[in-house]
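*Asks:*
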Amino acid sequence: MKALVYKQVGKVELQERPTPKVAAPTDALIKVTKTTICGTDLHIRKGDVPSCPPGRILGHEGVGIVEEVGSSVTRFKKGDPVLISCITSCASCEYCRKGMSSHCTTGGWNLGNTIDGTQAEYVRIPHADCSLYPIPKGVDEASLVTLSDIFPTGLECGVINGKVQPGSTVVIIGGGPVGLAALITAQFYSPSLVIMVDTDANRLKVAKEFGAHATIGGGDLAQADVIKAVRDLTDGKGCDTVIEAVGIPATFELSQKLLAPGGVLANVGVHGTKVDLFLDDLWDKNISITTRLVDAVTTPMLLKMVEAKKLNPAQLITHKFKFGEIEKAYETFGAAQKHEALKVLVEM
């Protein structure tokens with residue numbers, strides 16, 4: 085089969101690989117029909133994720149058709165259309181029972197990380213009964229690739245961890261796909277103000293279309309200007325929730341300076357290097373800082389929202405590629421500002 089492989093730092097390559105097989109009674113083999121590229125895949129390509137070695141088939145998002153199931157799989161059968169979760173869950177270990185399936189002792193974020201992933205014609209899914217979701221009838225299957233990861237991540241790691249609530253004020257740093265997913269799902273909780281900060285004018289335009297009350301940036305961003313703009317919008321207080329959706333030291337530093345007293349800094353970005361924590365400024369502010377790897381516990385709810393037409397995941401897809409063009413898709417997504425790319429769809 086054809087598969088997209090992390091060859092070395094800075095390089096991915098389309099290669100021929102053996103088709104995986106069902107290796108445990110709880111496995112399912114999925115024929116992938118559509119996949120996508122995540123910002124985390126770009127971090128892997130940069131060498132920021134040491135758990136993912138060269139030679140790994142990348143990808144942790146996708147939809148497909150069940151090709152084969154292990155003897156213990158009861159919820160799915162050959163021919164079923166399914167959504168692949170970015171998190172595999174055994175549903176029985178200590179962490180899964182706490183709702184922290186990202187830390188499942190035999191699963192978690194393993195696809196495209198510690199085991200081969202979804203950017204391939206076939207993928208083996210461990211713990212299939214708890215790691216796949218049936219696709220509702222009448223739903224646009226292509227757009228559901230965004231429910232594998234970015235919508236649960238934006239909602240769980242950003243909105244829920246950030247304690248967004250009715251009447252609260254929110255600022256999101258980073259208008260990429262996950263930041264925009266956080267913007268969209270924050271509106272489930274009726275905040276009074278949502279601000280998007282980014283250097284990309286197109287992403288700010290999109291953020292406005294998706295419901296942001298205000299946007300800041302569009303070019304070279306001076307930290308002092310962003311701080312002033314946020315404070316001007318919040319009567320000098322800062323925001324109750326700050327969602328960091330970039331993952332670099334500069335944006336984490338900025339996030340700390342935008343917090344209102346009692347606020348929550350919800351880190352979503354994947355950090356590849358250390359950052360500074362300004363406790364000399366924050367120790368008396370009653371703030372909280374949260375981190376999280378998505379657990380995908382909100383996926384069933386998000387699927388219901390799509391089915392009810394209260395969530396339109398297709399609005400995040402801007403570019404489409406055939407699987408043979410996936411290296412080009414990486415280049416496009418890696419230069420998202422140049423190409424005005426949000427989420428890319430890769431079709432088999």
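Residue numbers for the sequence shown follow my numbering, so the first one is 85 and each next one is one higher. Ideal placement from N, C-alpha and C gives every residue a C-beta, glycine not left out.
Secondary structure at CYS122, three-state DSSP: helix, strand or coil?
*Replies:* Coil at CYS122, not helix or strand.
*Asks:* Around the Cβ of PHE362, are there at least 16 other Cβ atoms within 10 angstroms (buried) or fewer (exposed)?
*Replies:* So PHE362 counts as exposed.
*Asks:* Identify, in the order they occur along the chain, each residue of the same chain with its Cβ nearer than 6 Å to the Cβ of ILE373, setting aside the five sequence neighbours on each side.
*Replies:* The answer, listed in chain order, is LEU349.
*Asks:* Using only the alpha-carbon positions, how far apart do GLU25 and LEU386 sit?
*Replies:* Here the chain has residues from 85 to 432 only, and residue 25 is not among them.
*Asks:* Relative to the C-alpha of ASP364, which candidate in SER252, GLN340 and GLY139 has its C-alpha closest?
*Replies:* When each option's Cα is compared against that of ASP364, the closest is GLN340.
*Asks:* Classify TRP367: buried if its beta carbon has 16 or more other beta carbons within 10 angstroms, exposed otherwise.
*Replies:* Answer is exposed; the Cβ neighbour count stays below 16.
*Asks:* Are the beta-carbon atoms of LEU195 and THR172 separated by less than 9 Å?
*Replies:* It is a contact, given that the beta carbons lie within the stated cut-off.
*Asks:* Under the DSSP definition of a beta bridge, which residues are partnered with LYS427?
*Replies:* Paired residue(s): ILE401.
*Asks:* Which residues bound the beta strand (DSSP E) around LEU84?
*Replies:* Here the chain comprises residues numbered 85 to 432, so residue 84 is not present and cannot be evaluated.
*Asks:* On the three-state DSSP scale, how would you describe SER185?
*Replies:* Residue state, collapsed to three classes: helix.
*Asks:* Please check if any C-beta of chain D sits within less than 9 Å of the C-beta of VAL106.
*Replies:* The displayed structure is made up of one protein chain only, and chain D is not part of it.
*Asks:* Beta-carbon within less than 7 Å of ILE128's beta-carbon, same chain only, minus the 5 sequence neighbours each way: which residues are those?
*Replies:* TYR90, CYS136 and LEU142, listed in sequence order.
*Asks:* Could you tell me the distance, in whole angstroms, from the CA atom of LYS105 to the CA atom of ILE257?
*Replies:* So the alpha carbons of these two residues sit roughly 42 Å apart.
*Asks:* Going by Cα to Cα distance, which pick from ASN286, GLY123, GLY139 and VAL290 is closest to ILE234?
*Replies:* That would be GLY123, whose Cα lies nearest to the Cα of ILE234.
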